[in-house]
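Q: Every position in the sequence shown, counted from 1, becomes a number in our numbering once 5 is added. C-beta atoms are modelled at their ideal positions from N, C-alpha and C, and glycine is treated no differently. Here it is, the structure, as structure tokens.
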Amino acid sequence: MKKNYILILILILSSVGRSYSQDKNINWINKNVHPLSSDSAMNELSFLSDELKGNSIIGLGEASHGTKEFFDQKSRIIKYLVTQLNYKSLGFEMHTSTVDSINQYVLNGKGNLKEFVSKMGLYNTKEFFQLFQFIRAYNAKQPAVQKVNVFGFDKPDYAGIPLERDKLMADEVIQAQQKSGNKTIIWSHNVHLAKDTTMANYQGMGYYLKQKFAKNYYGLGFDTYKGSVSVLGEDGFIKHDFVAKEGSFTALFAKAKYPVFFIPFNVKSSPFSGSKNTITNIYSSWKEQTDKSLPIRPGLDFDGLIFIRETTASVKLDLQ
Numbered sequence: 006m007k008k009n010y011i012l013i014l015i016l017i018l019s020s021v022g023r024s025y026s027q028d029k030n031i032n033w034i035n036k037n038v039h040p041l042s043s044d045s046a047m048n049e050l051s052f053l054s055d056e057l058k059g060n061s062i063i064g065l066g067e068a069s070h071g072t073k074e075f076f077d078q079k080s081r082i083i084k085y086l087v088t089q090l091n092y093k094s095l096g097f098e099m100h101t102s103t104v105d106s107i108n109q110y111v112l113n114g115k116g117n118l119k120e121f122v123s124k125m126g127l128y129n130t131k132e133f134f135q136l137f138q139f140i141r142a143y144n145a146k147q148p149a150v151q152k153v154n155v156f157g158f159d160k161p162d163y164a165g166i167p168l169e170r171d172k173l174m175a176d177e178v179i180q181a182q183q184k185s186g187n188k189t190i191i192w193s194h195n196v197h198l199a200k201d202t203t204m205a206n207y208q209g210m211g212y213y214l215k216q217k218f219a220k221n222y223y224g225l226g227f228d229t230y231k232g233s234v235s236v237l238g239e240d241g242f243i244k245h246d247f248v249a250k251e252g253s254f255t256a257l258f259a260k261a262k263y264p265v266f267f268i269p270f271n272v273k274s275s276p277f278s279g280s281k282n283t284i285t286n287i288y289s290s291w292k293e294q295t296d297k298s299l300p301i302r303p304g305l306d307f308d309g310l311i312f313i314r315e316t317t318a319s320v321k322l323d324l325q
């Protein structure tokens, strides 16, 4: 009987300890994050000026390729980086030939933008269409040397060699950045942009970019707790619901008082330094994975993260 009492006491103390630790982490989050709204205002993004001092290239991640709110927030960040911090090149995890046509549109107004965007798979959405419209309107008022160019860093041949694909995509990004000399933004999945091997369990594109650019490569992850997401099926976009598992980083972030926020990982006071846990991870095919999460080590894999508590599935662009 005495042993049972001791066991119960140990379990109670363990539970209290976990609760205290979680409360401490949530308090730190509430005090240190930058709350974000869901509108298009850019003034609340001024913290990026300090985060990106000396930066040459920033990776904007996403936990899925089919989340509307990721697209909204990333588009807003891109507009800020272009208009306020002089970023002039924007790369996408898309085939180079597909984005080449869009580049001609944003630089010179040539071609049918809806037709070009319709070839972008899960990125065939209103948010992408409107982003390219913004870049075109911005470029129309700029001299040639100040115009924003877009490029793709993926190729059809890379799909058949998945373990080499990330190195090849990194080479494409490095070549484009060195050719232009521009401060560069790249748009890709979290798993490709992570700076270390925790997520993919191999050296991803972000790993190679870190090797090349060191501290001048900034990895910004994106995470969401629950909602719906678009993935690709035989008939195009398919919507699925999801919720992150309890005990994850994602579930912890969801307990913060802000529904949308930026959390810095590269600060000395962060309670997450050296820790490892999971965030949401959804691929283009729903059946490709049973566990919709992957581990990260904050500060090592990403310098910061945008968290959105509840998100919705992206919607295919209407060609009419």
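Give the single residue among Gly-116, Tyr-230, Ile-82, Gly-59 whose Cα lies nearest to the Cα of Ser-45.
A: Within the sequence shown, the letter at position 40 stands for residue 45. Ranking the options by Cα distance to Ser-45, first place goes to Ile-82.
Q: By DSSP, does Ser-106 sit in helix, in strand, or in coil?
A: Translated into positions along the sequence shown, residue 106 becomes position 101. Here Ser-106 sits in helix by DSSP.
Q: Is Asn-117 buried or exposed, if buried means 16 or more other CB atoms sit within 10 Å of its CB?
A: Counted from its first residue, the sequence shown places residue 117 at position 112. With a threshold of 16 other beta carbon atoms within 10 Å, Asn-117 falls short and is exposed.
Q: Just confirm the distance between the C-beta atoms of Ala-164 and Tyr-213, as a whole number of angstroms; I'd bet it's less than 8 Å.
A: Here residue 164 refers to the residue found at position 159 of the sequence shown. Here residue 213 refers to the residue found at position 208 of the sequence shown. Between Tyr-213 and Ala-164 the Cβ distance is about 18 Å, and since that is not below 8 Å, they are no contact.
Q: Can the beta-carbon of Thr-285 be found less than 7 Å from the beta-carbon of Ala-68?
A: Working through the sequence shown from its first residue, we reach residue 285 at position 280. Working through the sequence shown from its first residue, we reach residue 68 at position 63. Closer than 7 Å, so yes.
Q: Inspect the beta-carbon positions of Phe-218 and Phe-258 and report whether they are closer than 7 Å.
A: Here residue 218 refers to the residue found at position 213 when the sequence shown is read from its first residue. Here residue 258 refers to the residue found at position 253 when the sequence shown is read from its first residue. Not closer than 7 Å, so no.
Q: Taking CB distances under 7 Å as the criterion, tell me whether Ala-205 reaches chain C.
A: Of the protein chains in this structure there is only one, and it is not chain C.
Q: With H, G and I counted as helix, E and B as strand and the rest as coil, what does DSSP make of Thr-285?
A: One-based indexing of the sequence shown puts residue 285 at position 280. Residue state, collapsed to three classes: strand.
Q: Indicate whether Gln-183 and Thr-189 have their beta-carbon atoms separated by less than 7 Å.
A: Locating residue 183 in the sequence shown gives position 178, where the first residue counts as 1. Locating residue 189 in the sequence shown gives position 184, where the first residue counts as 1. Not in contact: Gln-183 and Thr-189 (Cβ atoms no closer than 7 Å).
Q: Would you call the stretch 194-210 and the stretch 234-243 in contact, with 3 or more CB pairs under 8 Å?
A: no
Q: What does the Cβ neighbour count give for Ser-193, buried or exposed, with the cut at 16 atoms within 10 Å?
A: Along the sequence shown, one-based indexing puts residue 193 at 188. That one is buried.
Q: What does the Cβ neighbour count give for Gln-147, buried or exposed, with the cut at 16 atoms within 10 Å?
A: Position 142 of the sequence shown, counted from the start, is the residue given in the question as residue 147. Classification of Gln-147: exposed, given that the 10 Å Cβ count is below 16.
Q: Whole angstroms are fine: how far does the CA of Ser-235 sit from the CA of Lys-215?
A: Position 210 of the sequence shown, counting from 1, holds the residue named residue 215. Position 230 of the sequence shown, counting from 1, holds the residue named residue 235. Going by the C-alpha atoms only, they are around 30 Å apart.
Q: According to the Cβ coordinates, are Met-210 and Asp-171 closer than 7 Å?
A: Sequence index remark: in the sequence shown, residue 210 carries index 205 (1-based). Sequence index remark: in the sequence shown, residue 171 carries index 166 (1-based). Cβ distance < 7 Å, so Met-210 and Asp-171 count as in contact.
Q: Taking Cβ to Cβ, would you say Gly-64 is nearer than 7 Å to Leu-198?
A: By one-based count along the sequence shown, residue 64 stands at place 59. By one-based count along the sequence shown, residue 198 stands at place 193. A contact, by the Cβ cut-off of 7 Å.
Q: Identify the residues that DSSP records as bridge partners of Leu-95: which are they?
A: Stepping through the sequence shown from its first residue, residue 95 is reached at position 90. According to DSSP, Leu-95 bridges with Val-155, Ile-190.
Q: Looking only at its chain, what residues have a beta carbon closer than 8 Å to the beta carbon of Gly-59, apart from the 5 residues adjacent to it on each side?
A: Start at 1 with the first residue of the sequence shown, and residue 59 comes out as number 54. Lys-220, Asn-221, listed in sequence order.
Q: Are Lys-200 and Gly-226 close, meaning C-beta to C-beta below 7 Å?
A: One-based indexing of the sequence shown puts residue 200 at position 195. One-based indexing of the sequence shown puts residue 226 at position 221. It is not a contact, given that the beta carbons lie outside the stated cut-off.
Q: To the nearest angstrom, how far is it from the Cα of Ser-319 to the Cα of Phe-267?
A: Taking the first residue of the sequence shown as 1, we reach residue 319 at position 314. Taking the first residue of the sequence shown as 1, we reach residue 267 at position 262. If I take the Cα positions, the gap works out to 21 Å.
Q: Give every residue of the same chain whose Cβ lies closer than 6 Å to the Cβ of Lys-79, excluding the five residues on either side of it in the sequence, and list them in chain order.
A: To locate residue 79, count along the sequence shown from 1; it is residue 74. Excluding positions up to five away in sequence, the list reads Leu-65.
Q: Assuming the contact rule is C-beta atoms closer than 8 Å, Asn-187 and Ser-94 should be a hit. Round their C-beta distance to whole Å, please.
A: Position 182 of the sequence shown holds residue 187. Position 89 of the sequence shown holds residue 94. In this structure, Asn-187 and Ser-94 form a Cβ contact; the two beta carbons are roughly 4 Å apart against a cut-off of 8 Å.
Q: My output table needs one value for Lys-231: the three-state DSSP class, helix, strand or coil.
A: Reading the sequence shown from its first residue, position 226 is the one you call residue 231. The three-state secondary structure of Lys-231, taken from DSSP, is strand.
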